Amino acid sequence: MKTKRILATATCAAFFASTATGLWAQDLTIGRLTEQSSIDPHFNNAGNDQPSKHMTFESLVTPNSKFEIVPELAESWENVDPNTWIVHLRKDVKFHNGDRLTAADVVFSLDRSVNVPNSPSSYFRLRGDITVEAVDDLTVKIVTKEPWPAAIESVGRIPIVNKAVAESATTEDFNAGKAAIGTGPYKFVSWARGDNVKFERFDDYWGGLPEWEHVTMRFIPNEASRVAALLSGDVDFIDGVSPNDIDRINGSGSAKVWSVPTVRIVYLQFDQRDRESPFVKDKSGKLLNPNPLMDSRVRLALSKLVDRQLLVDRVAGGGEPASQLVQAGICGYNPDIPEAERDVEGAKALLTEAGYPDGFAITIHSSNDRFAKDADVALAVAQMWAQGGIQIDDVNALAFANFTANATKGEYSVMEYSYAGTFPSAEDYLKSMLGTYDADRGIGGVNRGRYSSAKFDEALGKSLLAFDRDEKCALMSEAMKIGMEETGVLPLYFLQSNWATAGNVSFEPAINDDWDIRYIHP
Numbered sequence: 004m005k006t007k008r009i010l011a012t013a014t015c016a017a018f019f020a021s022t023a024t025g026l027w028a029q030d031l032t033i034g035r036l037t038e039q040s041s042i043d044p045h046f047n048n049a050g051n052d053q054p055s056k057h058m059t060f061e062s063l064v065t066p067n068s069k070f071e072i073v074p075e076l077a078e079s080w081e082n083v084d085p086n087t088w089i090v091h092l093r094k095d096v097k098f099h100n101g102d103r104l105t106a107a108d109v110v111f112s113l114d115r116s117v118n119v120p121n122s123p124s125s126y127f128r129l130r131g132d133i134t135v136e137a138v139d140d141l142t143v144k145i146v147t148k149e150p151w152p153a154a155i156e157s158v159g160r161i162p163i164v165n166k167a168v169a170e171s172a173t174t175e176d177f178n179a180g181k182a183a184i185g186t187g188p189y190k191f192v193s194w195a196r197g198d199n200v201k202f203e204r205f206d207d208y209w210g211g212l213p214e215w216e217h218v219t220m221r222f223i224p225n226e227a228s229r230v231a232a233l234l235s236g237d238v239d240f241i242d243g244v245s246p247n248d249i250d251r252i253n254g255s256g257s258a259k260v261w262s263v264p265t266v267r268i269v270y271l272q273f274d275q276r277d278r279e280s281p282f283v284k285d286k287s288g289k290l291l292n293p294n295p296l297m298d299s300r301v302r303l304a305l306s307k308l309v310d311r312q313l314l315v316d317r318v319a320g321g322g323e324p325a326s327q328l329v330q331a332g333i334c335g336y337n338p339d340i341p342e343a344e345r346d347v348e349g350a351k352a353l354l355t356e357a358g359y360p361d362g363f364a365i366t367i368h369s370s371n372d373r374f375a376k377d378a379d380v381a382l383a384v385a386q387m388w389a390q391g392g393i394q395i396d397d398v399n400a401l402a403f404a405n406f407t408a409n410a411t412k413g414e415y416s417v418m419e420y421s422y423a424g425t426f427p428s429a430e431d432y433l434k435s436m437l438g439t440y441d442a443d444r445g446i447g448g449v450n451r452g453r454y455s456s457a458k459f460d461e462a463l464g465k466s467l468l469a470f471d472r473d474e475k476c477a478l479m480s481e482a483m484k485i486g487m488e489e490t491g492v493l494p495l496y497f498l499q500s501n502w503a504t505a506g507n508v509s510f511e512p513a514i515n516d517d518w519d520i521r522y523i524h525p
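If you're matching positions, the sequence shown starts at 4 in my numbering and goes up one per residue.
Pasting the structure below:
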């Protein structure tokens, strides 16, 4: 097999240039919609933890704002055979306590990442079935159980911690700051739960002197309060800007909104665990057995009842209607999947065919603080379903930290979620959202509904083994069609994200919806 080698090039240099000027000594205050669940970088592999995580911890590779994978702690890597990768680490990278980064830290971190107790969203979907060893102080060998062309893009995203500090540490030790020692541009200072988390500049950062001296992230879940804090000058940057506030902010003369259509898909996930589902009942309140959500005709009927364009135009405040998991132009997109249109009569016919001519009763669960209008979107979907004969018992919108933990335990019947893939193809979406759950292989990591299809898994498996990009894209496209024909999940729309800054701050909006300190500049 031909050896592949990837070097830290001008793309990487440009990515980190913003932290290397050394000209700034300003403080930055951020108003955040959602609080992180932990400072432990391996506790929760979910979006609400990413902004804090990127302050202090780094990975072998990372996406930039254009969703391109670039080197971070890895300087280069090579694929010496279909199952073996050699990763070369950067020299002279320091942890915040002065220790130098070595291969032993990487091996320890990759192993620890899937063994953190009570994790609501484990890193197993990124790590997969691999063995890792240190070849020397700056060289790591990763061996995959089966050929895995995207191994570095996936495994390389796992945060690296200091083995000497973290080996005997608990998640609470990280939360208290005792073990929160990374290689990132900012050192962890403190976390006041429900209020703020603070960081200070790491002067020995390998990428150059960071732009901000102190960074405070305040947790402001209320939309109006977050905007008011920005316009009054109490904060310099806010996320989760509601579409309703864009004109007000842009017209203020003191602040600016930054918007971008993202690859983050908002979707509904169905409980398909082959049991009585806890919130699917007949209209008298009795649990239904069998669970109607196990029937693909029922899932398709629920999809046909949704007007996606209306959601985008009237509720979400922007975005792009979705009929599959990625947009045109992304490897794995299938142009033969038709655009989803509302068809109430077609939905009723499917429900009748499946044995539910009068529908049934259901509760929808969602977050209320993960992205703009998340609870409103869930309520709008419920109203659309009700027009098709589905009885809506409740729309239960919860704080994201509680919502995702309970969803992972399988406690809901219909869940509204959003997901942005780890790297720029459909692979992570298909593998994580629709692959039959297999913790050992790192498949089905966010498949909380436990959709399982032998036909889909076969197509997915072929795509995961393909090294040739054109072949891989074609195989993923076939898997995408199967998953969508079976309505393994119900795609709603691709999120448009909005952020806002004060006049003295600029921002690079990222199309993967993953904002962090690297994109915020004086």
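In this text, a Cβ means the ideal position worked out from N, Cα and C, and glycines have one as well. None of these values were measured; they are calculated from a predicted model.
Identified DSSP bridge partners for residue i
i, result
"I568", "Outside the displayed span of the chain (4 to 525) sits residue 568, for which this structure offers no information."
"R204", "Y189"
"H368", "N399, M418"
"G34", "R221, I241"
"T142", "H91, D139"
"H524", "S509"
"P281", "None, per the DSSP bridge assignment."
"W215", "Q29"
"V73", "T65"
"N47", "S124"
Beta-carbon contacts of residue i that lie in its chain and below 6 Å, excluding the five residues immediately before and after
i, result
"G320", "P246"
"V110", "V135, A137"
Residue i versus residue j - alpha carbon distance
i, j, result
"A258", "E71", "29 Å"
"I140", "L92", "Looking at the sequence itself, residue 140 is Asp, so the reference to Ile does not match. Near 9 Å, if we compare the C-alpha coordinates of L92 and D140."
"V347", "D242", "36 Å"
"R472", "F205", "40 Å"
"Y522", "E61", "15 Å"
"P123", "N405", "9 Å"
"D277", "S416", "12 Å"
"V329", "Y420", "15 Å"
"D519", "V244", "15 Å"
"E149", "E430", "16 Å"
"A107", "K166", "7 Å"
"I249", "A442", "42 Å"
"L212", "G447", "40 Å"
"D397", "I184", "44 Å"
"T411", "R451", "6 Å"
"N337", "L290", "37 Å"
"N253", "K475", "43 Å"
C-beta contact flag for residue i and residue j at 9 Å
i, j, result
"W388", "V318", "no"
"A304", "A343", "no"
"H45", "T186", "no"
"V301", "A357", "yes"
"F191", "M58", "yes"
"I33", "V238", "yes"
"E214", "Q29", "yes"
"K286", "D361", "yes"
"S3", "T439", "The shown model of the chain, from 4 to 525, leaves out residue 3, and the question about it has no answer."
"N515", "V266", "yes"
"A482", "L468", "no"
"H368", "M418", "yes"
Where residue i falls: helix, strand or coil (DSSP)
i, result
"T355", "helix"
"I340", "coil"
"R276", "coil"
"E170", "coil"
"N86", "coil"
"P427", "coil"
"E175", "helix"
"R251", "helix"
"D473", "helix"
"P360", "coil"
"L495", "strand"
"W209", "coil"
7 Å CB neighbourhood of residue i in its chain, flanking five on each side removed
i, result
"L314", "V380, A383, L495, Y496"
"S306", "A343, T490, L493"
"W194", "I42, N178, V200"
"V146", "N86, T87, I133, T134"
"N371", "D377, A378, A400, L401, A402"
Own chain, CB closer than 8 Å to residue i, minus 5 neighbours either side, in chain order
i, result
"N51", "T37, E38, Q39, S40, R373, F403, A404"
heavy atom of the ligand MN below 8 Å from residue i C-beta
i, result
"R196", "With respect to the ligand MN, the structure shown offers nothing to examine, as it has no ligands at all."
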